[in-house]
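Numbering (our numbering), first residue to last: 32 to 691. The structure appears below as structure tokens.
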């Protein structure tokens with residue numbers, strides 16, 4: 032297939048919104064529980080969107096300064112960081128906790144109130160009102176003044192601000208303030224506000240369009256969450272934090288989505304490959320990586336195959352071609368490890384490791400490796416995503432690669448067909464999740480929850496197999512499952528909704544399967560059903576602003592896709608893929624759902640930005656407030672590369688020129 036422009040996509044969609052005689056479906060073919068899909072909702076259609084450079088907050092090595100006796104920190108006139116050790120003066124018998132200057136007025140805060148004094152006055156006047164026409168509390172913990180004459184006042188109850196006209200207003204959790212117990216304030220040269228709290232730091236951009244609040248807590252950002260003092264570099268590009276864990280530093284680094292993609296891909300090839308597979312690693316004390324086996328080695332490697340294939344399709348970068356090829360051949364290794372054509376392994380390890388593992392691990396026929404059995408539908412889903420993208424952008428132009436890919440695709444697909452659309456393991460029994468057969472999906476109530484997703488998967492698998500091999504029998508099986516077993520009806524409910532469990536792993540598996548079939552199916556009536564199913568699915572996940580799902584969906588309905596949300600999601604995913612604990616359940620700006628998730632964990636009503644939670648793969652629940660580790664595990668980052676290069680290839684986003 033050739034690259035399709037967004038204009039062409041829109042034209043094609045409009046042209047296929049009517050029932051036509053060209054469809055191979057019978058005219059009386061029934062679609063259950065569905066009305067014809069609507070014309071795309073009004074939205075952005077001016078593509079590609081130019082994504083400007085943006086700022087990322089990166090924890091850096093703080094200056095080697097003794098802060099044991101520090102009462103505060105400041106940046107002096109030369110730009111150097113200075114440690115403050117002076118004892119606090121007193122006002123009205125109370126120690127001064129904060130001070131700021133607005134015009135000719137000096138403001139002081141204490142634990143018992145707010146005071147002011149004019150330049151020609153000798154005595155302090157205590158502010159009379161608190162809670163309404165004054166600070167939220169008599170206990171003043173921090174103050175700062177900006178260039179507009181605003182006085183910002185921190186208290187244990189939240190943030191108050193008095194504007195140049197003397198009017199007070201307050202910001203608390205309900206207004207977006209992540210944590211109300213404020214301990215420090217500092218103004219940037221851009222009149223933005225850095226806020227220290229007893230649990231983390233916050234950047235507030237009061238004049239910004241869009242996102243205004245940035246919560247920075249945990250070891251991804253700070254050495255300790257108890258912030259005592261903040262100092263901002265004179266250019267605003269560096270911020271220092273005196274915390275209960277020592278001195279910390281955040282650099283505000285200008286970057287681009289492409290910069291991030293190139294950094295992540297470089298690290299993939301430096302420390303995230305094991306036998307060619309792409310995987311997370313554990314970083315040792317000396318920085319060297321250790322990579323173990325994972326049940327989903329095939330799926331995570333498929334992410335990378337797809338990402339680098341799309342990258343090559345968009346850029347013709349030879350490095351991307353080589354990287355995609357290495358990952359694809361690692362997947363062939365998984366497909367061939369069992370010695371049973373068409374039965375892929377979950378993972379492989381050397382014999383000295385395999386011999387120590389459970390019976391689920393089997394020796395390869397030549398004895399050089401051990402392979403893990405009971406392969407999941409997750410893995411098969413990933414293999415076909417890799418088959419499609421690798422063929423589309425690379426293999427079809429290379430006779431040797433084309434022949435090898437067709438062989439591997441044929442073996443896996445034939446094995447599924449010969450076993451009644453099931454994955455049969457080495458022992459003759461079906462693997463736990465390897466079923467796509469009508470008897471289970473249409474006839475077993477226990478498998479109701481899998482009916483839509485697994486119907487989508489097998490239709491997508493067969494469509495890919497037909498495309499890669501050209502063999503009509505795969506198209507015949509595809510049509511048989513639709514006409515005789517109503518699989519096209521099943522996929523209208525690919526995404527189940529309440530009271531069924533909200534399974535985010537199934538969201539991932541759904542869009543891994545949606546993407547190839549949406550590109551390949553051209554029959555107008557079938558496409559209408561696909562659009563109805565994917566529109567329903569996307570409507571459920573759209574509030575999460577998932578860049579992968581959005582760009583996959585946009586290939587069939589670009590006007591209805593939240594492209595801006597997808598771009599914001601890509602901006603938020605940290606370049607540093609180390610998995611740090613991100614704790615958010617204590618925040619004052621979050622609201623908990625009354626229902627637990629499928630693992631009986633509390634979840635939020637709204638998804639937090641990816642730079643404030645622990646983003647790993649697309650199968651994670653983004654509504655979980657507390658997640659992550661100690662930073663020693665580093666994700667491979669292919670979960671970022673996949674949507675980025677998908678957006679680039681399909682022409683939804685492009686890079687704006689850096690302004691230096």
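Every residue, glycine too, gets a C-beta built ideally from N, C-alpha and C. If you're wondering where the values come from, they're calculated on a predicted model, not measured in any experiment.
DSSP, reduced to helix, strand and coil, places residue 542 within a helical segment of the structure shown.
Around residue 56, the same chain offers 556 as residues with beta carbons nearer than 6 Å, after the five sequence neighbours per side are excluded. Excluding sequence positions up to five before and after residue 665, its CB lies within less than 6 Å of the CB of 312, 314, 608 and 609, all in the same chain and listed in chain order. About 17 Å separates the Cβ atoms of residue 131 and residue 202, ruling out a contact at the 8 Å cut-off. The closest CA to that of residue 480, considering only 440, 529 and 454, is found on 529.
Look at residue 566 here: in three-state DSSP terms it is helix. When rounded, the separation of the alpha-carbon atoms in residue 334 and residue 254 is 33 Å.
In the three-state DSSP reduction, residue 210 falls in the coil class, being neither helix nor strand.
Here the alpha carbons of residue 572 and residue 638 stand approximately 11 Å from one another. Exposed is the label assigned to residue 460, since fewer than 16 other Cβ atoms lie within 10 Å of its Cβ.
A Cβ-Cβ contact shorter than 8 Å links residue 424 with residue 340. Listed in chain order, the beta strand (DSSP E) elements of length 3 or more contained wholly in the stretch 226-297 are 231-235, 244-247, 258-263, 269-274 and 277-286.
Within the stretch 567-646, the runs of beta strand (DSSP E) at least 3 residues long that lie entirely inside it are, in chain order, 609-613, 623-627 and 633-635. Judged by DSSP secondary structure, residue 88 falls within the beta strand (DSSP E) whose first and last residues are 85-91. Going by DSSP, residue 191 is part of no alpha helix (DSSP H) but of the beta strand (DSSP E) stretching over 189-193. Under DSSP, residue 218 takes part in a beta bridge, and its partners are 224.
Per the C-alpha coordinates, the member of 633, 629 and 600 positioned closest to residue 616 is 633.
In this structure, residue 281 sits away from residue 337, with a CB-CB distance that is not shorter than 8 Å. If only uninterrupted beta strand (DSSP E) runs of at least 3 residues are considered, those enclosed by the stretch 291-345 are 312-314.
The beta carbons of residue 187 and residue 168 sit about 6 Å from each other, so the pair counts as a contact at 8 Å. Pairing residue 620 with residue 453, the inter-Cα distance amounts to about 47 Å. For residue 559, the secondary structure class from DSSP, reduced to helix, strand or coil, is helix. Beta-bridge partners of residue 174 (DSSP): 184. Residues of the same chain with a CB within less than 6 Å of the CB of residue 279, apart from the 5 flanking positions on each side, are 93, 253, 254 and 272 in chain order.
When C-alpha distances from residue 398 are compared across 541, 380 and 582, the shortest belongs to 380. For residue 145, the enclosing beta strand (DSSP E) covers residues 144-149. The DSSP-derived three-state label of residue 374 is coil. With contacts defined by Cβ atoms closer than 8 Å, residue 687 and residue 81 form a contacting pair. In chain order, 85 place their CB closer than 6 Å to the CB of residue 602, counting only its own chain and leaving out the 5 sequence neighbours on each side.
Within its own chain, the residues whose Cβ lies closer than 7 Å to the Cβ of residue 200, once the five positions on either side in sequence are excluded, are 192, listed in chain order. The Cβ atoms of residue 207 and residue 261 lie no closer than 8 Å to each other. Separation of the CB atoms of residue 586 and residue 681 is rounded to 6 Å, and the pair is thereby assigned contact status at 8 Å. The Cβ atoms of residue 249 and residue 614 sit closer than 8 Å to each other. Residue state for residue 679 is assigned as helix, using DSSP reduced to three classes. Secondary structure remark: continuous alpha helix (DSSP H) runs of at least 4 residues inside the stretch 434-503, in chain order: 469-474 and 482-500. Distance between residue 378 and residue 224, taken at the CA atoms: about 49 Å.
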